[in-house]
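To start, the structure itself, in structure tokens.
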Amino acid sequence: MRELIDFYLATGNTLPFKSGELAEIDLAKALRGYWNLKSRQDLKVLVIGLAIICDKQGKVLIGSRKEKDQWVENLSWVFPGGKMGFLDFEKSLKQDVKKETGLNIKVNDLIAARIHPDSGLKPVQIVALYFHCQPLKEKPIAKPGGDLSKLQWVKPTDVFKHFTTSVCDEVTRFLTILEKSSHT
């Protein structure tokens, strides 16, 4: 944060608050200053699609990454998916899931969209789209491929035992509801 403030001051701007006097009302000014500074950077935007694939037993598929992600440092386990190659998100997601899991899927609904907070201050903004999906086969057999070294079917809320990065509130609610509904 100190580097951002120094850069901001070096570009001829003044801070929207006095050092040590950060009141609630000043927080909005500080955030505005931060985003003004961030908007001056060259920023690459990546749109990724993530498939929350639910099987008939109420489990979801997650995968372990082969290598460290260049943008999200602590990313280890993920929902299958990847960078959206074109604007037909459903088609792009189906291709990525097929490559990473060997599964053919049906894309049901968009659950959530968010700017991924775990990419930090890197010159990239990751827009993550989370889709509820289901495998087309009754008893799907998933095989890791692409960026994934291992796949595992888990209870929906067990993803939190594996994930090392944040999960947005909408996905957390969806997984909780999914798990409760599979017990009824």
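Numbers in my numbering are just positions in the sequence shown, counted from 1, shifted up by 467.
Don't be surprised by glycine CBs; every beta carbon is placed ideally from N, CA and C.
So residue i and residue j are in contact, right, with Cβ under 8 Å, and what is the actual spacing, rounded?
{"i": "L596", "j": "L577", "result": "6 Å"}
{"i": "L510", "j": "T568", "result": "At roughly 31 Å, the Cβ-Cβ gap does not stay under 8 Å, so L510 and T568 are not in contact."}
{"i": "Q601", "j": "K573", "result": "5 Å"}
{"i": "P659", "j": "D555", "result": "It is not possible to answer for residue 659, since the shown part of the chain is limited to 468 through 651."}
If you follow the beta strand (DSSP E) that residue i is part of, which residue opens it and which one closes it?
{"i": "I608", "result": "Run containing I608: none; DSSP gives neither H nor E here."}
{"i": "K550", "result": "G548 to K550"}
{"i": "V591", "result": "V591 to P602"}
Here's the rule I'm using: 16 or more other beta-carbon atoms within 10 Å means buried, otherwise exposed. How should residue i be labelled?
{"i": "D636", "result": "exposed"}
{"i": "W544", "result": "buried"}
{"i": "V512", "result": "exposed"}
{"i": "K628", "result": "exposed"}
{"i": "K485", "result": "At K485, the pLDDT of 48 sits below 50, so the modelled position is not reliable; the number obtained from the coordinates is stated separately. Result: exposed."}
{"i": "P590", "result": "exposed"}
{"i": "D563", "result": "buried"}
{"i": "A580", "result": "exposed"}
{"i": "A518", "result": "buried"}
{"i": "I593", "result": "buried"}
{"i": "F546", "result": "buried"}
Can you name the start and end residues of the alpha helix (DSSP H) that residue i belongs to?
{"i": "K523", "result": "Per DSSP, K523 belongs to no alpha helix (DSSP H) and is neither H nor E."}
{"i": "V626", "result": "V626 to H629"}
{"i": "V634", "result": "It is not in any alpha helix (DSSP H) - V634 carries neither H nor E in the DSSP assignment."}
For residue i, I'd like the list of residues in its chain whose CB is within less than 6 Å of its CB, leaving aside the five on either flank, ordered along the chain.
{"i": "L489", "result": "The predicted model places L489 with a pLDDT of 47, which falls under 50 and marks its position as unreliable, so this point remains unresolved."}
{"i": "M551", "result": "V514, G516 and S559"}
{"i": "S649", "result": "G525"}
{"i": "F641", "result": "I578"}
With which residues is residue i paired in a DSSP beta bridge?
{"i": "L618", "result": "G530"}
{"i": "G613", "result": "DSSP output for G613 lists no bridge partner at all."}
{"i": "I519", "result": "H599"}
{"i": "I572", "result": "P602"}
{"i": "W544", "result": "S531"}
{"i": "R499", "result": "None; R499 has no bridge partner."}
{"i": "L513", "result": "I593"}
{"i": "I582", "result": "V594"}
{"i": "L577", "result": "F598"}
Which residues in the same chain as residue i place their Cβ atom closer than 7 Å to its Cβ, once the five residues preceding and following it in sequence are excluded?
{"i": "K622", "result": "K526 and E646"}
{"i": "S633", "result": "P584 and D585"}
{"i": "K604", "result": "none"}
{"i": "E557", "result": "V574"}
{"i": "G548", "result": "I515, G516, L517, A518, L560, D563 and V564"}
In its own chain, which residues sit with a C-beta less than 8 Å from the C-beta of residue i, not counting the 5 before and 5 after it?
{"i": "T643", "result": "P623 and T624"}
{"i": "G612", "result": "K566, E567, T568 and G569"}
{"i": "K610", "result": "T568, G569 and L618"}
{"i": "W502", "result": "none"}
Counting only C-beta atoms, is residue i closer than 8 Å to chain D at any point?
{"i": "I519", "result": "Absence of chain D from the displayed structure is noted, only one protein chain being present."}
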